Each structure stands twice: as C-alpha cells, then as structure tokens.
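Novice: Chains as they are written, first to last, in our numbering: chain A, 1 to 423; chain B, 1001 to 1568.
Glycine included, every Cβ here is placed at the ideal spot set by N, Cα and C.
Given the structure is predicted, the values throughout are model-derived calculations rather than measurements.
I have a structure I would like to understand better, so I am pasting it below and will then ask my questions one at a time.
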Amino acid sequence: MFSTRLQEKTRRDFLKLAAAGVFAPSLSGWLPVMARAATGKGRAKSCILLWMDGGPSHKDTFDLKPDSKGAGEFKPIKTAASGIEISEHLPKLAELMNCGVLVRGMTTPEGAHARAKFYMHTGYREGVGGVNYPALGSIISKEVGSTETAVPNYVAINSRSYGAGFLGPKHQPILITDPNRGVQDLRAAVSASQLDNRTGLLSKLEQAFQREYSAEVITDHTTTYQRAMQLMQSKEAKAFDLSAEPASSRSKYGTGRFADGVLMARRLVEVGVPFVEVSLGGWDTHQDNFARVKNLSGQIDTPMAALIADLRDRGLLDTTLVIWMGEFGRTPHINTRGANPGRDHYPRAWSLAMFGGGIQGGRVIGKTDKEGATVIERPTTAQDFLATVCELMGIDYNKQNETPSGRPITIVEKAKPFTDAII
Amino acid sequence: MRFRSLTLFTLTASLIVLAGGLTPVEAQLPKQGKKLKKNAVAPVPTTAPTTEATPPAAPAKPLPTVVPAPTTKDAAALARLIDAEIDKKLTEAKIPASAACSDEEFLRRAYLDITGVIPTAEKAKAFLDDPSPDKRARLLDELLADPNYGRRMADIWTAKLFPRDSANRFVQKEPFYKWFESEFNANTPWDVLVSKLVTAEGDVTSNPAVTYFLANRSIDKLTDTASQHFLGIQLQCAQCHNHPFTSWKQTEYWAMAAFFSKVRADNPKNPNKGADNGKIGVTEGNGPTRQRDFLPESAQTVPAKFLGGEQPRLNPQQPYRPVLAKWMTAPENPFFARALVNRTWAHLFGRGIVHPVDDMMPENEPSHPELLDALARHIGTTGQFDLKYLIKAIGLSQTYQRTCKVVPENKSDVQLFSHMSMKVMTPEQLFDSLAQVTGLGKDGREAKGAKAAAKGAPVGARDQFVIFFLAGADMASAVSYEAGIPQALRLMNSPITNNPAVVRSLTAGVTKPAEVIERIYLATLSRRPTPEEQQLLQEHVARAASTTAGYSDIVWAVLNSSEFTLVR
C-alpha cells in the first residue's frame, strides 16, 4: 500500500515538474522534494494559541497612541523591555515583555468575523479554490505530531475553533468545552474489568478480520482505537484533569474559564501536546469598548503572566511558542454608537503578541502611523505571520500537502516570514 | 503509459493542439457508426434561437469508440463489456483477478453502496438463505427502488454542491437535500437533473434547485463547482493564473464564467432578524450582475465560450445559462458523460477510472480509456443518462462482484480493479447503520424543527454526528480510515454502543446463546458467525458476570470493530 501511495505522489510530482519545464532525464534530482525538509531555524516543540475572539482593539492593548485622535481612555505603561509600552491594564504582562515580541504591523484583507477567523487560522480565504484548508493546529498536528502515541496533537479549549479541513479527522482537535470537565467520552461506560473483557474481545475480532483481509485500513482503525484506549488509561490524560493541579499553583492563574483553559494548556504542553488553542470571547467591542477591554485585559493578564512564568520556571518557555491574537484589530477612531461607544472591525492595521518559542524578546516588528490606522513599517500579512510560526516550529512552510483528490496545497503561500528578525 | 502522457504533455502546448492531433477510432460500431460519426464531426450543435454556432477552430476531443456497446438498454450486456475491458488490462499486466465475493460480502456492499445502510437481520437472513441463482440481480433492483437510494445520493451530492462555508450559514439546506432525494428516487435522467440545477430560477420554496446558486454565491464559485462536479474538471487554479499543470488558460476560465455573469442570487439574511430564507431565490437579468461580492478582484470580462469549444453568439436579452446547460449535457459533450461514469465508478469502487475523480485533464490518463469512453458514449445515447441503469450494470459485473481479499500477485494493484477495494463507511452510512441497530437518533432528524433548519444549523442527531465525524472536512475519503481519537472515544464510551435497550431488543424472543449471537451478527455484520466465532463468543457469555453483560460486550465489540465500519 505504501508503494502505491508513493506511486501516486511520484506521478503528481512528475506532472508538476514537467509543467515547470524541469523534465530532467535523471530522477535523482527530485526525490528529496518528497522528504520533509526541516528549516533548521526553529526549535519550538509546542505552540499555545490564545485566541481573542471578536478582534481585540490594538489601540487599547499593545499599540497605544496616547496623543492621537480616538486615543481612548487607557494610559500606556513602561515594560521590562526598554522602549516598549503597553496598556496600563496589562501590568503583569508588562513585566514579561522581555520574553515577548509585538507584531504591530499586521494587515489583512478580511473584515467579517467568520471569514477573518478562517483566514487567520489557515492563511487562505475561505471558499477559494473549493478547498477546505486546515487550521494552524491541524498543520502542526500533521507536521510535528505523532500518530503513534496516546498524546493528542491538537487540543482546542473553550470553543469549536477550526478543524483539519482536507487533512482529515486524524488532525482535528480534541475539543474541551469546559476545562473543568475534561475530554468528552474519555471515561468508559463500564467497569475497568468489563472494559478489559470488551477490548480483549475486540482485539480478537480485529486480528481475525485482518488475517482474512489484510488491508491497511484495518490497521489504521486498530491504531486509532489503541491510541484512544491508551489515552483513556494514560498518565497523559491526567493533564486534562485540573483537579490534579496544586491549589497554590492554580491560584496564580486566577479564575474563570479562560484562566482554567490556560492552565490546562500548560499541563498539556508539559506532556508533549504540540498545539493547544484556548479562546476567550467578548472582544467584539462595538459598544462600551473601554469598560469591556479593561475587564478582558484583566482576564488575560493574570493567566498569561502565570503561564509564561510557569513555562520559564519549568524550562519549557524556549520550546513553547505562546501567541496572543484575534481575527483583526479595531478602528482607530471611536464610533458614535450610543452613550458608551466602541470601536468597529479594522483589519487594515493591528497587533498580535508572541512569547517564548526560542524568540528574542523585547522586540517590536512593524509600526503603525500616529493614529494606529496605517502600517508604515514592515507590513505583516497573515501568511508572513503563519510562515514565521511554522519556521519557529521547524516546519517547512513551502511544503505541499495533498487533498484527498490529489491537489497539492502549499502549507503557507506567498509568505515573507520575519523569523530572522526575532531569533 | 505514464511516460507517454508526459511526453505528449511536454510536446503539446495546449489541449487544443493535443485534441486536434488525435483521430477518433470509431470503425468498430457498425450499427451506430453513422449517427455517432455525425456527432463526432460536428460537436455541440447549438440550436437555441439566440445562438449561432461559429465553426470551432479546433474541436475538443470527441468520444472515440473502440468497444462495441449494447445497442439497447441491457444491463447484463453492459456488465459483460465492463468485464471484458477490465480483464483485458489484467491479462496484459499479467495480474490475476481475485475470486468472486461471497453472498455475505455482496449483500452488505450492495446495501451500503446503493442505500447507504446495512441490511436488517431479517433482510440479511432472507437473502443469504435464498437459493435462487438470480438473487444478486434481484437485490440490485430492490435496492435501487428503495427510498434510501435517494437519501444516499442526496448525501453524496448535497455535500458536493452545498459547501460547508460560513457564507452559507443562513442558506437552508433541507429543501435542497429533499429535492435531491426525490429527484434521485424518481431517477430523473442525469442530463435533465443537471439542466434543472444549472438553469434554476425562482425561490427556494417553489424550486429548491436554486439553492445551488445561493450556496455558491459568486461567479468564480459557480464556475468552479459546475466544472468540477458536472464536467470532472478542476478549473479553479486558472482563475488567477494559467493552470500550472494543465492546458487551461486564464481566459478560458473567465470565458466559462461569463455564462453565469447575469445570475442574481439573493443574499440570505439572518433569520433571527426576521428574514425568511425560503422566499429568496435566483433570477437571471439582462445585464451583468453587479451584486457585491459576486465578482472577485481577479475577475476578467471576456466573451462566453464553451470550455475547449466554440464561442456561441449570445443574446443579452435572453438568459445565458440554458445555452451552457444545453452544451454541457449534450451526449457529445466531451466531458459530461465521462464525468458521470467516472463518478459513478468511483462511488462503487472507491476509485475512478480517472483518478483523482474530478481531475479529468488530458494529462491525467484514465486507467481504462476505452472502457470509460464506451460507457460514456453508451450512457449518453442508448443509456439515456439513466443513473440507476448504470449502477445496476456495474453492480452486475464480475468486476464489482469480486472479493476484497487479495492474492500475492494482485496485492499491490490499485488501478486495474483486480480486487474490490475496502471502503470506509461515510459518516452518514455509519450513522444510519448504527441507528438501525441501536435506535440512535430516533427522534433525530426533525427534532430541532424548521426554525433551526431555517438558520442553516445542523438539524438533529444525524447532522451533528456527521459534522463530528467529518471534523471540518468537506467529505470523507472513500478508502482511507479517517476517524481520530475523539471519534473512537465517542463510539466506545458514549451511549451509542452502550445502550442496554439494544441488547434487550436483540435478545427478545431468543434464548439460546447461539441464536442470540447469530442474530447480533446478522444485524450488525450482515453474516452468520463462523463456528470459531460462535465458540469464542459463547465462552465469553458463559464467563461474563451475567448473560446480559456478555451480550452487551459482544454488541459493543462488533459495533466498534473494523468489520462494522468498513465496506468489504
């Protein structure tokens, strides 16, 4: 079966090369294309994406413009990184900015929530080319994760997030809707001894069927079931159980579903999960922007600071990339919606933050004008950013994966990563 | 073969040149030769009053005929043609065919392929115990007449033509699905059905076919979906640049797109804000559509031209889509019948004669070009685009009725059809089969009612199950096992496979363990247990804490087994 897959692949590569005009008589030249080429740049093993659903206001978080029109109510404060100032409502993160990089020149084309979320997760515009593109977590699951062990490769906490697209359900996230309840269906419906009887029976049926038909799909089925059973019984599954966390350490993260999710993310990274996404909603602040962003800032400051400090203390910060971002920024001006106005969707210029993962902290990539309205230095596209994440994770973003119908799709297209500026 | 295609490819600058250089072989069909020759020489006669055919400079590759096909609708004769062509290639390659499948294999395979659900224990028993020699043919007829056939086909085609896309969250899916179900059950000829879709006008309630346009609401999406699904061609890369590895040029893309340039599809609105998305629909105006988002940035305005064919003269006062539909669905269209045959073949074998199934570019050679051409020509003419007839003919062939079991000499064959490929149940097949055994989602489909459906939300247990098992994919791959840990956990630990009522119903009225075990096997695996299995399972029941616990273990194990979830 492997050889036949190779054949398909080979044929495709041939066609591509023929089309490109590289029809060389020797075959040796193109064989290495099929191998996974490590970039050699990144050393991160895990990535935690803190997803700020709704689109956080850049001017009220990481790119304050105190003297501009529409400056808003918040004051900037100094951080541990000289020359970098952030919102006064993120004081704990300010102390850790020497581990962080701010990307202040994000500029993207999608301004509607669903499409922008899809775009920032996949690097592709939804619906284009009739392909369902995989999200970053699924890409990392595919390229970095293991399909042999019980450790899941992609865990999404608090919301549905985005799935594996054409990479298939093997790379879809395990969804945690409530961090305090853990993984759905993880507990057996029967006693341990009866489960033993059942799995023993199942394994006999599987062996007999495989003896009769010897097909690769049977092995795939068996492998998936074995991984699921291993997870049910594994010590790794304890990472999903927040009650196992000492109270003193838990309290550092604060309370609430996001704080619980961030704590779970740390526990998952500790057992080797390569991608965890934790989402926090409420950032769509068309109205009452300042009270809401202040409150949301409080919800992220404590757990994020605890996460970064914990990873650092455990020696994991260098190999764990933490990303804070949403689907776009918010208008530099303040709208006129009622007594407590807000800011509207703004993909043209916005910010995101990265910590750990082997990057040199205390740096800023890109710059907006004095209003925070236009990127005037190092505009960064979604593709530039996603390719940078890939490089930090040791993934060759130019690699192509095939859809089930055999179309090659580049992991990230048309990207100019900024990895060299931050490592 | 591959090298030949590559050589051809490197030598030809375009499809036009490639097609123009080949002479169709058609000498072997004396009875129909005359008529077909006429078609082959002058393809695409557009008789619509608003169009005038300009002589094509270089016709697209016509369908050559090298294999005699039946001259009447004769499924058995068509099956013999299939076998002759398949066997010819196997002989050439010196690869032996696997043995014929058992009745048990045929039964479950035909049920799942045609109706999307396993047989009940009673149906399985009746078929297996039927001694008559023509029972397989009769089963095919019975299954093609079963209303579940329409549901199975609606599952396949709704997934293709109604993408799961955030733009479609307010588009009603249910009327479209039901429409497909009834069209397929009525066995509307494929050319008629596709014409209905491509030319659809009106609102969702009066003509659910318009949903096709509401769910693909921009000129590029429409061009992509129509070429991919009805012509078997992936054009989308040519939207923004000349296709990297085929001959399609960017202008050809926009020339096809031009047929959709006057379509006006209403924008589905949020039903929570009072919108009635059953009332929205599609019209075709007199001028180019200027709706927001209908034209992408890359759009080019070029005159409408059939793909690889002529440029019809269009009257802007008349709708363009009927002209497109007429060209598209004509028996002599070089893509349409081929695409249908290839899709139907892939549906039944897990792999097309052209693979990937919708990449029928000239550079991607069919494994059995003569067979594909013969079937395409036959189904488009004598076969009257009768889909049930095509499925029956393939189902009757020895090629379809081979076992999945390989022999060492054909183990590595994937494209000569020496053995049946082991398919994986789609999420819909899995749900419906589990539902039949366990009563899963009994109150499912309509449970959330019209309100949720109007929002485009998943309706009921079946949709939710499918979405969970697809996990973001458009559709499941036919032959690779895709389920991951969350799906395995759901099947092992949720009430689906742990419901005591299932054991109660399977054991009702039966007392002997051997009989209970046989009934469980017939109801789930559509076969009787082997003597070894009987012994193993009876011992298990005897050892279990209670007989009920023992039986529940067996039900759990078979429902979680690969034999249950695979289509052998």
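1) Could you give the residue range of the beta strand (DSSP E) that holds Ser456/A?
2) Looking at Leu1235/B and Tyr1212/B, is the spacing between their C-beta atoms short of 8 angstroms?
3) Just the Cα atoms here: how many angstroms apart are Asp1553/B and Arg1504/B?
4) Using 10 angstroms around the beta-carbon of Gly72/A, count the other beta-carbons present and answer buried if the total reaches 16, otherwise exposed.
5) Any idea what DSSP makes of Lys370/A, helix, strand or coil?
6) How is the beta strand (DSSP E) around Gln400/A delimited, first residue to last?
7) From the DSSP output, read off the bridge partner residues of Ile409/A.
8) Can you tell me where the alpha helix (DSSP H) with Ile1156/B in it begins and where it stops?
9) How many Å lie between Leu1566/B and Met1422/B at the Cα?
10) Can you give me the C-alpha to C-alpha distance between Leu316/A and Gly361/A, rounded to a whole angstrom?
11) For Thr1438/B, collect the residues of the same chain with a Cβ closer than 7 angstroms to its Cβ; drop the 5 residues on either side in sequence, then sort them by chain order.
12) Could you tell me which uninterrupted beta strand (DSSP E) segments, each at least 3 residues in length, are contained entirely in the stretch 62 to 144 of chain A, listed from first to last along the chain?
13) Mind checking the stretch 1222 to 1235 of chain B against chain E and listing, in chain order, the residues whose C-beta falls within less than 9 angstroms of any C-beta there?
14) Please say whether Thr320/A and Gly254/A have beta carbons closer to each other than 8 angstroms?
15) May I ask which residues mark the beginning and end of the alpha helix (DSSP H) holding Ile1467/B?
16) Using a Cβ distance threshold of 8 angstroms, determine whether the stretch 1325 to 1334 of chain B contacts the stretch 1187 to 1199 of chain B, with at least three qualifying pairs required.
17) For Tyr346/A, which residues does DSSP report across the bridge?
18) What are the boundary residues of the alpha helix (DSSP H) that Cys390/A is part of?
19) Between which two residues does the alpha helix (DSSP H) carrying Ala1374/B extend?
20) Can you check which of these residues, Pro1408/B, Val1510/B, Cys1404/B, is closest to Lys1094/B by C-alpha distance?
21) What does a CB cutoff of less than 6 angstroms around Glu143/A pick up in its chain, not counting 5 residues either side in sequence?
22) In chain order, what are the residue ranges of uninterrupted beta strand (DSSP E) at least 3 long that sit wholly in the stretch 1274 to 1361 of chain B?
23) Ignoring anything shorter than 3 residues or poking outside the stretch 261 to 285 of chain A, list the beta strand (DSSP E) runs there in chain order.
24) Within 8 angstroms of any Cβ in chain A, is that where the Cβ of Gly1308/B sits?
25) May I ask you to list, following chain order, the residues of the stretch 1329 to 1342 of chain B that have a beta carbon less than 8 angstroms from some beta carbon of chain A?
26) Who does Gln287/A pair with in a DSSP beta bridge?
27) For the stretch 1094 to 1155 of chain B, list the alpha helix (DSSP H) runs that are entirely contained and at least 4 residues long, ordered along the chain.
28) Chain A beta carbons: is any one of them nearer than 8 angstroms to that of Gly1021/B?
29) Would you verify that the beta carbon of Val217/A is, or is not, closer than 8 angstroms to some beta carbon of chain B?
30) Start and end of the alpha helix (DSSP H) containing Ala1253/B?
31) Consult DSSP for Tyr1481/B and reduce its assignment to one of helix, strand or coil.
32) In whole angstroms, what is the alpha-carbon distance linking Met1492/B and Leu1307/B?
33) Below 7 angstroms CB to CB, which residues in the same chain sit around Gly1116/B once its five sequence neighbours on both sides are set aside?
34) Under a CB-based cut-off of 8 angstroms, is His1368/B close to chain A?
35) When you compare each of Pro1319/B, Pro1268/B, Lys1392/B to Ala1200/B by their alpha carbons, which one comes out closest?
36) To the nearest angstrom, how far is the alpha carbon of Lys370/A from that of Ser82/A?
Specialist: In short, the structure shows the following:
1) Any answer about residue 456/A is impossible in this case: the structure gives chain A only from 1 up to 423.
2) Taking the first residue of the second sequence as 1, we reach residue 1212/B at position 212. Taking the first residue of the second sequence as 1, we reach residue 1235/B at position 235. Going by C-beta atoms, Tyr1212/B is not nearer than 8 angstroms to Leu1235/B.
3) For this step, residue 1553/B is matched to residue 553 along the second sequence. For this step, residue 1504/B is matched to residue 504 along the second sequence. Going from the Cα of Asp1553/B to the Cα of Arg1504/B covers about 13 angstroms.
4) Locating residue 72/A in the first sequence gives position 72, where the first residue counts as 1. Buried.
5) Along the first sequence, read from residue 1 onward, the residue named residue 370/A stands at position 370. Lys370/A falls in the coil class under three-state DSSP.
6) Working through the first sequence from its first residue, we reach residue 400/A at position 400. Gln400/A -> beta strand (DSSP E) spans 400 to 402.
7) For the purposes of this step, residue 409/A is taken as residue 409 along the first sequence, with counting starting at 1. According to DSSP, which records beta bridges pairwise, Ile409/A is partnered with Asn401/A.
8) Reading the second sequence from its first residue, position 156 is the one you call residue 1156/B. First-last of the alpha helix (DSSP H) with Ile1156/B: 1147 to 1161.
9) As a first step, residue 1566/B is located in the second sequence; it is residue number 566 there, counting from the start. As a first step, residue 1422/B is located in the second sequence; it is residue number 422 there, counting from the start. Whole-angstrom Cα-Cα distance: 7 angstroms.
10) To locate residue 316/A, count along the first sequence from 1; it is residue 316. To locate residue 361/A, count along the first sequence from 1; it is residue 361. If I take the Cα positions, the gap works out to 15 angstroms.
11) Indexing the second sequence from 1 puts residue 1438/B at position 438. Closer than 7 angstroms at Cβ, skipping near neighbours: Ile1496, Asn1499, Val1502.
12) 76 to 78, 85 to 87, 100 to 106
13) The displayed structure is made up of protein chains A and B, and chain E is not among them.
14) By one-based count along the first sequence, residue 254/A stands at place 254. By one-based count along the first sequence, residue 320/A stands at place 320. Not in contact: Gly254/A and Thr320/A (Cβ atoms no closer than 8 angstroms).
15) Translated into positions along the second sequence, residue 1467/B becomes position 467. First-last of the alpha helix (DSSP H) with Ile1467/B: 1460 to 1470.
16) yes
17) Residue 346/A sits at position 346 when you count from the first residue of the first sequence. Answer by DSSP bridge pairing, in chain order: Gly329/A.
18) Here residue 390/A is taken as the residue at index 390 of the first sequence, counted from 1. Its alpha helix (DSSP H) spans residues 382 to 392.
19) Taking the second sequence and counting its residues from 1, one reaches residue 1374/B at position 374. Where Ala1374/B is concerned, the enclosing alpha helix (DSSP H) stretches over 1369 to 1380.
20) As a first step, residue 1094/B must be located in the second sequence, where it is residue number 94. Checked all of Pro1408/B, Val1510/B, Cys1404/B; the closest Cα to Lys1094/B is Pro1408/B.
21) Working through the first sequence from its first residue, we reach residue 143/A at position 143. Result list for Glu143/A: Ile395, in chain order.
22) 1281 to 1284
23) 275 to 280
24) Counting from 1 along the second sequence, the entry for residue 1308/B is found at position 308. So no, Gly1308/B is outside the interface.
25) none
26) As a working note, residue 287/A is residue 287 in the first sequence. Gln287/A pairs with Pro341/A.
27) 1103 to 1110, 1121 to 1129, 1135 to 1145
28) Stepping through the second sequence from its first residue, residue 1021/B is reached at position 21. Residue placement at Gly1021/B is flagged as unreliable, the pLDDT there being 30, under the threshold of 50; a coordinate-derived value is accordingly withheld.
29) In the first sequence, counting from the first residue as 1, residue 217/A sits at position 217. Yes, because at least one Cβ of chain B sits closer than 8 angstroms to the Cβ of Val217/A.
30) Counting from 1 along the second sequence, the entry for residue 1253/B is found at position 253. The residue you asked about is not Ala; residue 1253/B is Tyr in the sequence shown. Per DSSP, Tyr1253/B belongs to the alpha helix (DSSP H) from 1250 to 1257.
31) For the purposes of this step, residue 1481/B is taken as the residue at position 481 of the second sequence. Coil at Tyr1481/B, not helix or strand.
32) Position 492 of the second sequence, counted from the start, is the residue given in the question as residue 1492/B. Position 307 of the second sequence, counted from the start, is the residue given in the question as residue 1307/B. So the alpha carbons of these two residues sit roughly 50 angstroms apart.
33) In the second sequence, residue 1116/B corresponds to position 116, counting from 1. So the qualifying residues of the chain are Asn1148, Arg1151, Arg1152, Asp1155, Glu1428, Gln1429, Asp1432.
34) Translated into the one-based positions of the second sequence, residue 1368/B becomes position 368. So no, His1368/B is outside the interface.
35) Your numbering for residue 1200/B matches position 200 in the second sequence. Per the Cα distances, Pro1319/B.
36) Counting from one through the first sequence, the residue named residue 370/A turns up at place 370. Counting from one through the first sequence, the residue named residue 82/A turns up at place 82. Approximately 20 angstroms, taken between the alpha carbons.
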